[in-house]
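2 protein chains.
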Amino acid sequence: MSMKWTSALLLIQLSYYLSSGSCGKVLVWPTEFSHWMNIKTILDELVQRGHEVTVLAYSTSILPDPNNPSPLKFEICPTSLTETEFEDSVTQLVKRWSDIRKDTFWPHFLHVQEMMWTYGDMIRKFCKDVVSNKKLMKKLQESRFDVVLADAISPCGELLAELLKIPFVYSLRFSPGYALEKHGGGFLFPPSYVPVSMSELRDQMTFLERVQNMIYMVYFDLWFQVWDIKNWDQFYSKVLGRPTTLFEIMAKAEIWLIRNYWDFQFPHPLLPNVEFVGGLHCKPAKPLPKEMEEFVQSSGDNGVVVFSLGSMVSNMSEERANVIASALAKIPQKILPLRLYRFIPMNNFAKIPSILGHPKTRAFITHGGANGIYEAIYHGVPMVGVPLFADQPDNIAHMKAKGAAVRLDFDTMSSTDLLNALKTVINDPLYKENAMKLSRIHHDQPVKPLDRAVFWIEFVMRHKGAKHLRVAAHDLTWFQYHSLDVIGFLLACVATVIFIITKCLFCVWKFVRTGKKGKRD
Amino acid sequence: MSMKWTSALLLIQLSYYLSSGSCGKVLVWPTEFSHWMNIKTILDELVQRGHEVTVLAYSTSILPDPNNPSPLKFEICPTSLTETEFEDSVTQLVKRWSDIRKDTFWPHFLHVQEMMWTYGDMIRKFCKDVVSNKKLMKKLQESRFDVVLADAISPCGELLAELLKIPFVYSLRFSPGYALEKHGGGFLFPPSYVPVSMSELRDQMTFLERVQNMIYMVYFDLWFQVWDIKNWDQFYSKVLGRPTTLFEIMAKAEIWLIRNYWDFQFPHPLLPNVEFVGGLHCKPAKPLPKEMEEFVQSSGDNGVVVFSLGSMVSNMSEERANVIASALAKIPQKILPLRLYRFIPMNNFAKIPSILGHPKTRAFITHGGANGIYEAIYHGVPMVGVPLFADQPDNIAHMKAKGAAVRLDFDTMSSTDLLNALKTVINDPLYKENAMKLSRIHHDQPVKPLDRAVFWIEFVMRHKGAKHLRVAAHDLTWFQYHSLDVIGFLLACVATVIFIITKCLFCVWKFVRTGKKGKRD
Numbered sequence: 000m001s002m003k004w005t006s007a008l009l010l011i012q013l014s015y016y017l018s019s020g021s022c023g024k025v026l027v028w029p030t031e032f033s034h035w036m037n038i039k040t041i042l043d044e045l046v047q048r049g050h051e052v053t054v055l056a057y058s059t060s061i062l063p064d065p066n067n068p069s070p071l072k073f074e075i076c077p078t079s080l081t082e083t084e085f086e087d088s089v090t091q092l093v094k095r096w097s098d099i100r101k102d103t104f105w106p107h108f109l110h111v112q113e114m115m116w117t118y119g120d121m122i123r124k125f126c127k128d129v130v131s132n133k134k135l136m137k138k139l140q141e142s143r144f145d146v147v148l149a150d151a152i153s154p155c156g157e158l159l160a161e162l163l164k165i166p167f168v169y170s171l172r173f174s175p176g177y178a179l180e181k182h183g184g185g186f187l188f189p190p191s192y193v194p195v196s197m198s199e200l201r202d203q204m205t206f207l208e209r210v211q212n213m214i215y216m217v218y219f220d221l222w223f224q225v226w227d228i229k230n231w232d233q234f235y236s237k238v239l240g241r242p243t244t245l246f247e248i249m250a251k252a253e254i255w256l257i258r259n260y261w262d263f264q265f266p267h268p269l270l271p272n273v274e275f276v277g278g279l280h281c282k283p284a285k286p287l288p289k290e291m292e293e294f295v296q297s298s299g300d301n302g303v304v305v306f307s308l309g310s311m312v313s314n315m316s317e318e319r320a321n322v323i324a325s326a327l328a329k330i331p332q333k334i335l336p337l338r339l340y341r342f343i344p345m346n347n348f349a350k351i352p353s354i355l356g357h358p359k360t361r362a363f364i365t366h367g368g369a370n371g372i373y374e375a376i377y378h379g380v381p382m383v384g385v386p387l388f389a390d391q392p393d394n395i396a397h398m399k400a401k402g403a404a405v406r407l408d409f410d411t412m413s414s415t416d417l418l419n420a421l422k423t424v425i426n427d428p429l430y431k432e433n434a435m436k437l438s439r440i441h442h443d444q445p446v447k448p449l450d451r452a453v454f455w456i457e458f459v460m461r462h463k464g465a466k467h468l469r470v471a472a473h474d475l476t477w478f479q480y481h482s483l484d485v486i487g488f489l490l491a492c493v494a495t496v497i498f499i500i501t502k503c504l505f506c507v508w509k510f511v512r513t514g515k516k517g518k519r520d
Numbered sequence: 000m001s002m003k004w005t006s007a008l009l010l011i012q013l014s015y016y017l018s019s020g021s022c023g024k025v026l027v028w029p030t031e032f033s034h035w036m037n038i039k040t041i042l043d044e045l046v047q048r049g050h051e052v053t054v055l056a057y058s059t060s061i062l063p064d065p066n067n068p069s070p071l072k073f074e075i076c077p078t079s080l081t082e083t084e085f086e087d088s089v090t091q092l093v094k095r096w097s098d099i100r101k102d103t104f105w106p107h108f109l110h111v112q113e114m115m116w117t118y119g120d121m122i123r124k125f126c127k128d129v130v131s132n133k134k135l136m137k138k139l140q141e142s143r144f145d146v147v148l149a150d151a152i153s154p155c156g157e158l159l160a161e162l163l164k165i166p167f168v169y170s171l172r173f174s175p176g177y178a179l180e181k182h183g184g185g186f187l188f189p190p191s192y193v194p195v196s197m198s199e200l201r202d203q204m205t206f207l208e209r210v211q212n213m214i215y216m217v218y219f220d221l222w223f224q225v226w227d228i229k230n231w232d233q234f235y236s237k238v239l240g241r242p243t244t245l246f247e248i249m250a251k252a253e254i255w256l257i258r259n260y261w262d263f264q265f266p267h268p269l270l271p272n273v274e275f276v277g278g279l280h281c282k283p284a285k286p287l288p289k290e291m292e293e294f295v296q297s298s299g300d301n302g303v304v305v306f307s308l309g310s311m312v313s314n315m316s317e318e319r320a321n322v323i324a325s326a327l328a329k330i331p332q333k334i335l336p337l338r339l340y341r342f343i344p345m346n347n348f349a350k351i352p353s354i355l356g357h358p359k360t361r362a363f364i365t366h367g368g369a370n371g372i373y374e375a376i377y378h379g380v381p382m383v384g385v386p387l388f389a390d391q392p393d394n395i396a397h398m399k400a401k402g403a404a405v406r407l408d409f410d411t412m413s414s415t416d417l418l419n420a421l422k423t424v425i426n427d428p429l430y431k432e433n434a435m436k437l438s439r440i441h442h443d444q445p446v447k448p449l450d451r452a453v454f455w456i457e458f459v460m461r462h463k464g465a466k467h468l469r470v471a472a473h474d475l476t477w478f479q480y481h482s483l484d485v486i487g488f489l490l491a492c493v494a495t496v497i498f499i500i501t502k503c504l505f506c507v508w509k510f511v512r513t514g515k516k517g518k519r520d
């Protein structure tokens with residue numbers, strides 16, 4: 000009885016929220032690949048709730064494809080780069096990042112920075128094309144959008160919001176060294192218990208690991224720059240007609256929707272305007288196509304292993320392919336490889352969910368992309384991780400720390416290594432148990448990640464912002480933020496007092512001495 | 000259509016949460032007065048959802064009164080103190096705190112510390128009575144509770160949880176200087192933009208205010224001790240039979256339910272296991288009793304002003320009472336004073352909500368208790384704050400900073416001051432607007448505060464804890480936490496390298512010089 004009553008009350012409350020926000024207009028500055036797939040889940044939900052969603056794509060966009068049938072509106076901005084050129088350069092970047100995985104620390108991150116800058120230069124070019132397109136900007140102005148939704152990893156969304164004088168919300172997976180989160184969002188990452196992103200460390204660190212983490216932090220804070228900041232700052236200052244910086248504009252974000260949660264991420268401090276909405280793209284498993292279901296059923300009690308190494312497969316050497324094939328041939332489970340048409344991991348993205356949610360799935364061999372790992376968490380499937388680049392090694396390190404995955408090195412693993420890893424995650428019940436624990440944590444949240452993401456976007460539209468969640472840290476310079484001026488002032492005060500006291504004592508001593516001397520004379 | 004569909008889905012999800020947690024057993028270590036009233040709202044809701052709630056009261060408890068008809072179970076522990084003695088000593092404490100309000104910084108906080116210690120000594124005595132009562136402890140053991148719910152401001156709940164080997168959840172309004180939050184909970188409060196509690200500062204501080212805040216922080220970190228820590232540590236070590244500290248046991252809390260939210264508090268960093276559930280006791284206004292409704296209606300367009308100064312009224316001098324009365328006589332609004340039977344502010348607590356929610360209420364004259372302020376926020380009523388002690392000055396400073404209140408000084412205000420303050424909050428539309436803004440923020444949350452509080456208590460019962468939300472900071476010593484060992488080590492490394500290089504250069508120089516000398520010879 001009381002349950003029903005409470006449910007009814009909650010329904011009323013939720014209906015109020017759902018109905019009270021009259022439908023709004025959302026402008027989207029998208030990113031490609033897995034980023035787009037993830038943000039698209041939010042956009043589809045926004046459309047479902049009656050909002051008008053306009054995606055600002057450049058004419059060479061690959062995934063935000065206006066030709067695909069979709070309830071989303073597209074606003075296309077022409078650029079000089081052709082689609083093939085754009086795709087080729089992105090392919091090159093991804094391939095290069097995957098190639099440099101054997102580099103040691105310093106050259107590795109130098110290369111990562113170089114690639115981020117190349118990618119950033121391309122985005123800046125597109126951004127310039129948009130903001131200098133007077134006709135387009137006039138149209139956007141006239142459309143009177145309520146909010147801009149942007150991926151923080153691709154700058155420009157915040158500039159558009161600033162030009163259109165509307166609030167904006169970020170979606171973000173992570174940035175190398177948490178640079179954007181720190182400098183743009185004001186997040187805090189104490190190095191003693193928060194491993195720097197891409198460090199592959201866990202939250203419980205030994206002394207030497209903490210030393211390593213500190214070196215990472217110093218490196219990322221002082222040397223590494225996600226973007227070619229100087230150029231971005233100049234560009235933003237020029238467009239806005241006043242001296243400003245990229246981070247200053249980023250810091251105006253109303254809400255940060257981080258595509259992570261505490262089933263995946265190690266707990267760390269957060270801010271009131273940060274929501275962890277990892278796994279918002281996950282959905283309950285749908286029935287498999289008949290042919291596939293028959294294949295899965297034919298595996299009997301042994302079940303199946305889902306195999307998807309994303310982008311790496313197409314570039315794999317024959318030797319590596321043989322190592323994998325020979326291990327897979329030796330396990331009693333059937334293998335469900337996901338076909339790959341192009342390098343883009345997202346081509347198989349849509350297929351993973353249903354297969355991972357099948358009760359006969361015993362393990363998931365994965366390259367460690369965040370979206371795929373969230374599918375495994377959602378369905379409670381233990382993993383064998385063979386990470387290659389970007390956040391993949393870090394993702395697998397997290398799953399390993401939480402006892403839900405075994406990690407292998409793609410370049411050095413032998414057939415036996417892979418076989419043993421598979422046997423371990425399938426036969427040691429602890430791995431399944433830990434994966435199920437993560438799954439239970441993921442499913443047991445007061446509000447589902449997707450609903451939370453949409454709630455806060457709608458909140459920003461309803462209230463024209465969410466300034467009450469914004470820490471005052473954003474109004475301070477870096478030395479004010481670290482209280483260096485205050486500490487300096489207080490030390491100066493103490494020094495002055497000590498100086499005056501010493502001076503006085505010295506004077507008294509001198510006076511006394513002179514007095515004594517005088518007496519003696 | 001899509002709205003309905005979404006609502007239905009959300010209902011299913013919520014019903015799942017509500018029904019999936021089979022009913023659990025909650026043990027409560029309560030605190031008195033407003034603290035009890037607040038936690039009782041949670042307990043009533045837990046009972047409504049089918050949980051068994053047992054309150055561990057000492058025989059002298061004032062508000063957690065087992066003689067009141069209630070669906071709560073009471074477990075009474077006898078103590079040597081009589082009820083009158085207990086009440087008298089608490090009355091004395093509250094009176095004393097209110098008396099020292101005119102003290103300057105240093106003596107004021109010395110007195111506050113002295114009072115906290117006196118109160119703490121009393122709590123420790125009760126705690127000793129409980130844990131040394133073998134019969135009671137055996138009964139509690141056998142009852143197999145799922146979770147302990149305790150107010151962090153009254154230690155002992157965490158000790159009971161440790162002895163019973165069950166998880167525990169804290170409810171907390173605040174602690175002086177955020178000592179418990181910092182040392183027990185691992186919260187972060189950067190002094191550059193988070194004003195220390197009881198400092199009456201706002202989040203946007205001038206340079207001198209930041210200096211002041213830093214001095215507050217240093218004072219609270221190095222001098223002020225909320226509790227007589229040495230005695231508590233000894234007591235806990237003795238009871239648990241191993242060297243431990245109060246803060247070490249407090250740090251095991253699964254969830255901290257902070258009785259605050261960003262409509263009231265200035266945004267600051269938080270942790271994944273912290274929920275801000277301020278205002279969970281607020282409910283929509285019920286119709287007033289007939290007599291009172293007639294009185295309110297007779298006010299016409301001018302409306303009424305609600306007047307409740309909590310504990311201070313009974314101790315008020317005639318002169319102060321006259322100042323207030325003469326101001327109230329001059330406004331066109333009718334006055335609704337809340338009668339006070341005893342010093343306990345909570346006697347009128349239950350009456351405030353309905354009156355503040357009345358459409359004819361124009362303003363609220365308040366002493367600034369957190370519960371009352373939340374009622375005003377909930378209903379969007381501007382305030383005139385006349386704070387006296389504890390968090391009251393800070394609370395009013397927050398409301399003033401958010402533009403919803405005018406602050407007066409109880410001891411120095413004149414009749415004209417009060418009159419002008421009332422006129423300002425009633426006639427300047429900005430105050431009502433700001434109060435309504437806070438109200439809108441308060442009402443527009445994905446899940447209501449009370450539901451969130453209950454959700455996380457149920458979560459802890461369902462999963463036997465919430466360790467995935469606990470930062471690894473708790474496993475570090477203070478110097479590890481601040482990375483002092485790592486910084487020391489790295490500086491030593493740098494020094495060694497510099498030393499070796501200098502030494503080598505010196506050797507080379509010496510060698511070269513000797514060579515030259517040899518040649519010359």
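If you read the protein sequences in the order shown, they are chains V and Y.
Sequential numbering from 0 applies to the first sequence in numbering that gives the first Met the number 0.
Sequential numbering from 0 applies to the second sequence in numbering that gives the first Met the number 0.
Don't be surprised by glycine CBs; every beta carbon is placed ideally from N, CA and C.
This structure is a prediction, so every number in the text was calculated from the model and none was measured.
Next on the checklist: I'd like to know whether the C-beta atoms of S58/Y and C76/Y end up nearer to each other than 8 Å.
Outcome noted: Between S58/Y and C76/Y, the gap from beta carbon to beta carbon is short of 8 Å.
Item to check | Entirely enclosed beta strand (DSSP E) segments - the stretch 376–443 of chain V, minimum 3 residues | outcome: 382–384 and 404–406
Checklist entry - Which class does K94/V belong to by DSSP, given the choice of helix, strand or coil? => result helix
Checklist entry - What three-state label does DSSP hand S298/Y in the structure shown? => result coil
Checklist entry - Between F348/V and the rest of its own chain, which residues show a CB-CB distance below 8 Å, the 5 nearest in sequence each way excluded? => result With a pLDDT of 48 at F348/V, under the threshold of 50, the modelled position of this residue cannot be trusted, and the question is left open.
Checklist entry - Taking the alpha carbon of F85/V as the point to measure from, which residue in T117/V, A389/V, F73/V and T243/V has its own alpha carbon closest? => result T117/V
Checklist entry - Any C-beta of chain Y sitting closer than 8 Å to the C-beta of L475/V? => result yes
Item to check | Cα-Cα separation between N394/V and E113/Y, rounded to whole angstroms | outcome: 51 Å
Item to check | Residues, ordered as in the chain, of the stretch 76–106 of chain V that lie near chain Y by beta-carbon distance below 7 Å | outcome: none
Item to check | Counted within 10 angstroms of its Cβ, other Cβ atoms place N426/Y as buried (16 or more) or exposed | outcome: exposed
Item to check | 7 Å Cβ cut-off: residues of chain V touching V446/Y | outcome: Under the 7 Å cutoff, chain V gives P445 and V446.
Checklist entry - How do the stretch 262–278 of chain Y and the stretch 259–273 of chain V stand: do at least 3 beta-carbon pairs fall below 8 Å, yes or no? => result yes
Next on the checklist: Looking at the ligand NAP, does it come within less than 7 Å of C281/V, judged from the CB to the closest heavy atom?
Outcome noted: As for the ligand NAP, it is missing from this structure, which has no ligand bound.
Checklist entry - From L26/V, A420/V, E44/V and G379/V, pick the residue whose C-alpha is nearest to that of E161/V; which is it? => result L26/V
Item to check | Helix, strand or coil at F306/V [DSSP, three-state] | outcome: strand
Next on the checklist: Residues of the stretch 170–182 of chain Y in Cβ contact with chain V at a cutoff of 9 Å, in chain order, please.
Outcome noted: none
Next on the checklist: With distance defined between alpha-carbon atoms, name the residue in K181/V, R209/V, G176/V and G183/V nearest to Y192/V.
Outcome noted: Nearest C-alpha to Y192/V among K181/V, R209/V, G176/V and G183/V: R209/V.
Item to check | G379/Y versus S438/Y: straight-line alpha-carbon distance, rounded | outcome: C-alpha separation (whole angstroms): 5 Å.
Checklist entry - For S307/Y, which option in D43/Y, I334/Y and E141/Y has the closest C-alpha, if you only look at C-alpha atoms? => result I334/Y
Checklist entry - Per DSSP, what kind of secondary structure is V147/Y in: helix, strand or coil? => result Residue state for V147/Y is assigned as strand, using DSSP reduced to three classes.
Item to check | Between the CA atoms of P194/Y and T53/Y - distance to the nearest angstrom | outcome: Cα-Cα distance, rounded: 37 Å.
Next on the checklist: For a test of the three-state rule: what should DSSP assign to C22/Y, helix, strand or coil?
Outcome noted: DSSP, read as helix, strand or coil, puts C22/Y in coil.
Item to check | Assumed close pair G278/V, Y373/V - CB separation to whole angstroms, cut-off 8 Å | outcome: 4 Å
Next on the checklist: Between L148/V and chain Y, is any beta-carbon pair separated by less than 8 Å?
Outcome noted: no
Item to check | Where the alpha helix (DSSP H) containing F458/V begins and where it ends | outcome: P448 to H462
Item to check | Beta-carbon neighbours of M382/Y, restricted to chain V and to distances below 8 Å | outcome: Result: empty, since nearest Cβ-Cβ is about 18 Å, beyond 8 Å.
Checklist entry - What residue range is occupied by the uninterrupted alpha helix (DSSP H) comprising K133/V? => result For K133/V, the enclosing alpha helix (DSSP H) begins and ends at K133 to S142.
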